[in-house]
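Protein sequences, first through last, are from chains A and B. Whatever position you read off the first sequence (first residue = 1), add 225 for our numbering. Whatever position you read off the second sequence (first residue = 1), add 48 for our numbering.
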Amino acid sequence: MAGHADEAAAIGGGKSAAVAAWDAENSARRRLILIGRIVVGVVFVSFWEFSSGRLIDKLFVSSPSAVSSRLWKWLLEGSLWNHLSITLYATALGFIIGSLVGFVLGLLFGRFQTVADIFDPYITALYSIPKIALAPLFIIWFGIGIESKVAVSASIVFFVVFLNTYAGVRDVNPIFVHATRIMGGNELHVLRHVMIPSAASWVITGLKVSVPYALVGTVIGEFMSSNRGIGFIIAQATGLFDTTSVFAGLVLLGVVGAIINVALRHAETWLLRWKASN
Amino acid sequence: MSIVIRGAAKRYVSRGREIRALDPVDLDIKAGEFIAFVGPSGCGKSTLLNMVAGILPMTGGTISHDGKPVSGINRAVGYMTQVDSVLPWHTVFDNVELPLKFRGVPVAERRRRVTEMLALVNLTGFENSFPIELSGGMRKRVALAQVLVYDPTTLLMDEPFGALDAQLKLMMQAQLLSIWQATGKTVVFVTHDLAEAVTLANRVVVFSGRPGRIKVIETVPLSYPRDPFKVRFNPQFETAYGTLWAALAPEIAKGEAI
Ligand SMILES: Nc1ncnc2c1ncn2[C@@H]1O[C@H](COP(=O)(O)OP(=O)(O)OP(=O)(O)O)[C@@H](O)[C@H]1O
Ligand SMILES: [Mg+2]
Chain A
226 MAGHADEAAA IGGGKSAAVA AWDAENSARR RLILIGRIVV GVVFVSFWEF SSGRLIDKLF
286 VSSPSAVSSR LWKWLLEGSL WNHLSITLYA TALGFIIGSL VGFVLGLLFG RFQTVADIFD
346 PYITALYSIP KIALAPLFII WFGIGIESKV AVSASIVFFV VFLNTYAGVR DVNPIFVHAT
406 RIMGGNELHV LRHVMIPSAA SWVITGLKVS VPYALVGTVI GEFMSSNRGI GFIIAQATGL
466 FDTTSVFAGL VLLGVVGAII NVALRHAETW LLRWKASN
Chain B
49 MSIVIRGAAK RYVSRGREIR ALDPVDLDIK AGEFIAFVGP SGCGKSTLLN MVAGILPMTG
109 GTISHDGKPV SGINRAVGYM TQVDSVLPWH TVFDNVELPL KFRGVPVAER RRRVTEMLAL
169 VNLTGFENSF PIELSGGMRK RVALAQVLVY DPTTLLMDEP FGALDAQLKL MMQAQLLSIW
229 QATGKTVVFV THDLAEAVTL ANRVVVFSGR PGRIKVIETV PLSYPRDPFK VRFNPQFETA
289 YGTLWAALAP EIAKGEAI
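Given below as C-alpha cells:
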C-alpha cells in the first residue's frame, strides 16, 4: 500500500536533523542541571564547614571534615560495612517479604471483589495504625535481632504495595480482559498479559514509595533495640552526644536511599516504556 | 448456518433504572456470508456482537455459533471491538503473536505467520513499536492482524474502519473483501456508514432506534468481486442504497428527536 514506505522511513535508523537538534538541546540542559547540582552541593558543604565552630557550636552540627574523617575511619576499621550490611540486609528482606505478600494479596483482592469487601474494614483499621507503633510488639515477638527489623519494614511495605496493587487491578480495562479471553487466553494468561502489566504503573509507584519506608522501618527498629546497624550507631552516638557519628550515620542513610531511588527510577522507565513519554 | 440468533435480548440495569438496549432479535447468518449491521447510535449493535462473542450474558433468547450454543467466552470468533483492544504494553509484534501463543502454536510458525499478517496490513517495519507510537488507523490495522492471524471461522467487526481517512478506508475495504473471498470466513460488520455496508455486504440489516429491533433486511444484488473504488457508481448500488436509506433515515431522525 502506498504510504507504507514513508511510514517505515519515518521511524527508520539514522539520525535525522530533528533528532540531532533534540539531542543537542537535551544534552545542553542536562549539563546545566549537573553543574547546578555540583554548585549547590559545594556551597552547602562549604557553608557547613565555615559556620561550624564560628556561627554554631561544633557540638551541635559537627563539621564536614570531621564527618568524612569519621566515615573514613569506620571504613578502614571495617565497622562501616559491618553496620551498613546489616541495615541493608534487613531493609532488603523487609522490602521483599512485604512487597511479595502485598502484591499477591493485592492481586487476589482485586480479582475477588466480595472477599475484598468482607475484609475492607479490617484492612482499613490495620492500615490506620502507625506501623512504628508495632515495633515494640515485634521486638517482644522476634527479639532484638534482625527479625524484628525485617518485621517492621515488611509491615510498612506490605500496606503500600498491597493498596497500590489492589487499586491497579481494579483499574484494569475489562475490554483487555475480554479480548484476551476471546483470543484464547486462560486465567493465567489474563493475569500475565493484562492484570499485571496494567497494574504495573500502580505497583511500581507502590514499590518506589515503599523502599524508603523499608529503610525507615529498619532504622526505627534499630533505634529501639539492637546491637548492630546504622540505626544502632546513630542511637548510640546520640547517647554519647557524639554528633559527628550521628551525622556520619545520617550521611550513610542518605547516600543509600539516593542510590536505591536512582536504581528504581531506571527500572520504572524501562518497565513502563510502553507509556507515552514526554 | 454460522450464527443462529433466536429471541436474543438485552436489558441493562444501571443505577436502579432498566434500559432496554435490544428487544428480542431473530437472525440467521449463513456460513461464509458477509453481513452488515447499520442503525442509529445506541440501538444495540455492539451489544449484539458482545453477546455473540460471549462476553455479555443475554437477558433472553439463545445464540448458537457453528452449531454450539454460546455460553461464556466464544473463542471461535475474532472480535475487533469498537474501542481499542490492542494491549498497549506489548509491541505490535507481540500483540499479533499473542493469540498464537495462547493457542500453543510453535515459535517458528508463530514468527512466520505474524510477519505475514503484518505485511498483509502494511505494518512491516513497525514490529517493535508500541501502540502509543502508532496512529489510530495503524492501531486498527494491528487489531485486524491480531484477529486474522489465528484464522477464526467468524469475524465480528465493530466499526473497524470508522477512524480511518476516506482513502485508507477504501483500501482496507478492498483488502477485507479479498481476504473474505480467499478464506470464506463469515463476517459480521457493524458500521455507521451505509455506503460502506452496501459496498461490502451480501445482506444489510437495518436496526430501529432504541430499543433496538431488526427493521429491514436487504440483500445487495451486486456480484463479487466488488471494487470499493468503483462499485458506488453502479446503478444497482444506488437502488440498494436508496431502499436502505429509506428505512434508516426515519430511525436516525427519531433518535435525534429524543
Ligand atoms: N454497561 C451498560 N450499562 C447500561 N446501559 C448500557 C451499557 N452498555 C450499553 N448500554 C445501553 O445500551 C444501548 C445499546 O448500546 P450499544 O453500545 O449496543 O449501541 P450501538 O448500537 O453499538 O451504538 P453505537 O453505534 O453508538 O456504537 C445504549 O443505549 C446504551 O445506553
Ligand atoms: Mg457500538
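All residues carry an ideal CB built from backbone N, CA and C; glycine is no exception. In this text the structure is predicted, and so the values were computed from the model without any measurement.
Query: For Val246 (chain B), tell me which candidate among B:Gly109, B:Gln215, B:Glu286 has the shortest Cα-Cα distance.; Result: B:Glu286
Query: Helix or strand or just coil, what does DSSP make of Thr163 (chain B)?; Result: helix
Query: What residue ranges within the segment 89-120 of chain B form continuous beta strand (DSSP E) runs of no fewer than 3 residues, ordered along the chain?; Result: 108-113
Query: Please report the straight-line C-alpha distance between Lys298 (chain A) and Val375 (chain A), rounded to a whole angstrom.; Result: 28 Å
Query: If you measure from each residue's Cβ to the nearest non-hydrogen atom of ligand 2, which ones come out under 6 Å, in chain order?; Result: B:Lys93, B:Ser94, B:Gln130, B:Asp206
Query: Less than 8 Å between CB atoms is the rule here; does Lys283 (chain A) satisfy it with respect to chain B?; Result: no
Query: Ends of the beta strand (DSSP E) at Met205 (chain B)?; Result: 202-206
Query: Per DSSP, which one or two residues make a beta bridge with Val444 (chain A)?; Result: According to DSSP, Val444 (chain A) bridges with nothing at all.
Query: Could you check whether Gly456 (chain A) and Gly446 (chain A) sit closer than 8 Å to each other, using their CB atoms as the reference points?; Result: yes
Query: Smallest Cα separation from Ala294 (chain B): which of B:Asp275, B:Phe255, B:Leu104, B:Ile53?; Result: B:Phe255
Query: Is the closest heavy atom of ligand 1 to the C-beta of Ile67 (chain B) under 7 Å?; Result: yes
Query: For Lys217 (chain B), write down the residues that DSSP places opposite it in a beta bridge.; Result: Answer is none; Lys217 (chain B) lacks a bridge partner.
Query: Residues in the same chain with beta-carbon distance under 7 Å from Val419 (chain A), minus the five sequence neighbours each way, listed in chain order, please.; Result: Val397, Phe401, Val402, Thr405
Query: State yes or no: is the beta carbon of Thr129 (chain B) nearer than 8 Å to at least one beta carbon in chain A?; Result: yes
Query: Against Ile121 (chain B), what residues of chain A qualify as contacts under a CB-to-CB distance less than 7 Å, listed in chain order?; Result: Arg406, Ile407
Query: Going along chain D in order, which residues have a C-beta closer than 7 Å to the C-beta of Pro259 (chain B)?; Result: Reference to chain D is not applicable here, since the protein chains of this structure are A and B.
Query: Just to check my reading of the structure: Glu175 (chain B) and Leu166 (chain B) have Cβ atoms closer than 8 Å, yes? What is that Cβ distance to the nearest angstrom?; Result: 7 Å
Query: How is the alpha helix (DSSP H) around Val377 (chain A) delimited, first residue to last?; Result: 371-395
Query: Determine whether the Cβ of Ile265 (chain B) lies closer than 8 Å to any Cβ atom of chain A.; Result: no
Query: Where does Lys263 (chain B) fall in DSSP's three states?; Result: strand
Query: Tell me, please, whether the segment 93-107 of chain B touches the segment 379-389 of chain A by the rule of three or more beta-carbon pairs shorter than 8 Å.; Result: no
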